[in-house]
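What follows is a single structure, written as structure tokens, with notes after it.
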Amino acid sequence: MEQMSRNLAFQLKKIRQQRQWSLDEVAKTTGVSKAQLAQIEKGEANPTVSTIWKIAAGLRISFSSLLQPPTAHFMKYSSENAPYVDEDDGRYRVYSLIPYSPERGWELYKVEMKPGALRKSEAHTEGVEETITVIQGQAIIATESMLETLEEGDTLVFSGHQPHEYRNASNDVTILHLILQYK
Numbered sequence: 001m002e003q004m005s006r007n008l009a010f011q012l013k014k015i016r017q018q019r020q021w022s023l024d025e026v027a028k029t030t031g032v033s034k035a036q037l038a039q040i041e042k043g044e045a046n047p048t049v050s051t052i053w054k055i056a057a058g059l060r061i062s063f064s065s066l067l068q069p070p071t072a073h074f075m076k077y078s079s080e081n082a083p084y085v086d087e088d089d090g091r092y093r094v095y096s097l098i099p100y101s102p103e104r105g106w107e108l109y110k111v112e113m114k115p116g117a118l119r120k121s122e123a124h125t126e127g128v129e130e131t132i133t134v135i136q137g138q139a140i141i142a143t144e145s146m147l148e149t150l151e152e153g154d155t156l157v158f159s160g161h162q163p164h165e166y167r168n169a170s171n172d173v174t175i176l177h178l179i180l181q182y183k
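Numbering (UniProt numbering), first residue to last: 1 to 183.
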């Protein structure tokens with residue numbers, strides 16, 4: 001968690017400085033308070049997944065770009081060293097495995113959900129597509145118009161620009177791979 005906080009602090013400050021924005025401007029754009037943004041930039045806060053999503057959406061950048069250290073031309077990604085954030089009392093944890101880059105147009109996450117975990121996600125920006133593959137366990141994915149139960153090995157593709165949720169209703173840990181593609 002400490003590494004994630006350092007990465008988030010570095011990336012947020014770098015983006016803000018590149019745009020020559022004040023903390024007030026970032027707060028207005030993201031809906032996150034100036035005080036909380038200042039704490040995040042200092043590495044003194046552990047924001048929720050929802051707060052990081054608000055920052056990413058407000059700045060019109062990918063979620064994973066806020067969690068990654070600066071990258072080189074060639075990178076090996078390991079889930080053991082991947083930055084992560086958790087919520088739902090630690091029952092939902094998301095690891096940023098491969099960060100977004102404009103050349104790829106997508107980012108890859110590993111999601112671990114303990115029994116009973118629930119993640120309600122706000123709508124992403126128009127054109128975001130989610131691809132979810134169940135690596136282990138079972139997951140229920142729901143939107144207003146869809147309810148799908150996915151078993152190990154199943155993959156679901158859907159539009160992420162609508163509110164949606166992931167749920168682990170089983171008694172076992174569920175592991176998902178999640179690709180967010182930006183069109």
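Glycine is no exception: its CB is placed at the ideal position from the N, C-alpha and C atoms.
Since we're looking at a predicted model, the values are computed, not measured.
Check: Backbone secondary structure at Gln162 - three-state DSSP; Outcome: coil
Check: Beta carbon proximity, Leu156 to chain D, threshold 9 Å; Outcome: Annotation note: the requested chain D is absent from the structure, which comprises a single protein chain.
Check: Through-space distance from Arg119 to Pro99, alpha-carbon basis; Outcome: 21 Å
Check: With 16 other Cβ atoms within 10 Å as the buried cut-off, status of Asn168; Outcome: buried
Check: Entirely enclosed alpha helix (DSSP H) segments - the UniProt domain "HTH cro/C1-type" (12-66), minimum 4 residues; Outcome: 23-30, 34-41, 49-59
Check: Which residues DSSP lists as bridging Thr149, in chain order; Outcome: Ile140
Check: Spatial neighbours of Met4 in its chain, beta-carbon cut-off 7 Å, leaving aside the 5 residues before and after; Outcome: Leu67, Pro83, Tyr84, Val85
Check: Close Cβ partners of Gly58 (< 8 Å) along its chain, the five nearest in sequence each way excluded; Outcome: Val26, Thr29, Thr30, Gly31, Val32
Check: CB-CB length for Thr155 against Thr131, believed under 8 Å; Outcome: 6 Å
Check: Cβ separation of Trp106 and Tyr182, assumed to be a contact under 8 Å, to the nearest whole Å; Outcome: 7 Å
Check: CB contact flag (Leu176, Ala139, <9 Å); Outcome: yes
Check: Same chain, Cβ closer than 7 Å to Ser159, five either side skipped, listed in chain order; Outcome: Glu129
Check: Inter-residue spacing [alpha-carbon to alpha-carbon] between Ser79 and Ile55; Outcome: 24 Å
Check: Same chain, Cβ closer than 7 Å to Asp88, neighbours up to 5 away in sequence not counted; Outcome: Ala117, Leu118, Arg119
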